Every structure is written in structure tokens, then in C-alpha cells.
Amino acid sequence: MLLNGTGEVIDDHEYPATTEELIEEYGDRTLELPNGSETVGDVLARLESETFENPEEARFAVYSAVSDKAVGRVGYSDRDPTPVGSPYAPDAVSF
């Protein structure tokens, strides 16, 4: 994810800061994602209102709220077994 300088302005913002304050200040900034883009405002609007005590909390909130446009292949993992009932489970093979 390319933050396009958003990470730096989040770091420089005065804390504590609320979700609404960050949306008002940086909501129009665009985040370039592997499968498209979103604005910081759209991303943070997915979260409940909270107060961030430091820049790290604000960054993690942005990272955690991006859509599946930030995911290379939705539902793919080469490490974990596919959960039972997942729409991404492979077809059963009978030997």
C-alpha cells in the first residue's frame, strides 16, 4: 500500500486525535492499493469513533480498515488450511 505521504502527516499530527479530526484533516488523501485506491476518509469512516493516543494507533487504524482492494487475492493463504464451508475451498476429490 502506498500511503503517498499520508503516513508522514499522520505522524506529524498532534495527538490525542479523534477519528473525525483525522478525516477532516486528511480525508481527501488517496491511498494507492494493489487493486485500486481509496481515500483516507472512506477508510476511517468504516471505523467507530475513537481517540488515538499516538501516530502508531492512527496508522494501524488506517491499515486495518482498508478494503479488499489492498489484498492481492481475496481468501487466499498459502499457510493456513481453508476453513470448512469457505467459498474459497477447493472442490473435494475422491480417490
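The sequence shown lines up with residues 1 to 95 when you count with the UniProt record's numbering. Glycine included, C-beta positions come from ideal geometry on N, C-alpha and C. Here the structure is a predicted model, which is why all the values come from computation and not from measurement.
Considering only C-alpha positions, which residue in the set the options is nearest to residue i?
i, options, result
"THR51", "PRO16, GLY41, TYR88 and PHE95", "PRO16"
"VAL40", "PRO81, SER49, GLU57 and VAL62", "VAL62"
"ILE10", "PHE60, THR82 and PRO87", "PHE60"
"PRO34", "ASP91, PRO81 and VAL71", "VAL71"
"GLU8", "ASP28, GLU21, GLU56 and SER49", "GLU56"
Please go through the same chain and pick out, in chain order, the residues whose beta-carbon is closer than 6 Å to the beta-carbon of residue i, but skip the five residues on each side of it.
i, result
"ASN54", "TYR15"
"GLY36", "LYS69"
Would a C-beta distance cut-off of 9 Å place residue i and residue j closer than the cut-off?
i, j, result
"THR30", "LEU47", "no"
Counting only the same chain and skipping the five closest in sequence on each side, list residues whose C-beta sits under 8 Å from that of residue i.
i, result
"PRO83", "ALA89"
"ILE23", "VAL40, GLY41, LEU44 and ALA45"
Who are the near neighbours of residue i in its chain, counting only those whose CB is closer than 7 Å to its CB and skipping five residues on each side?
i, result
"SER67", "GLU38"
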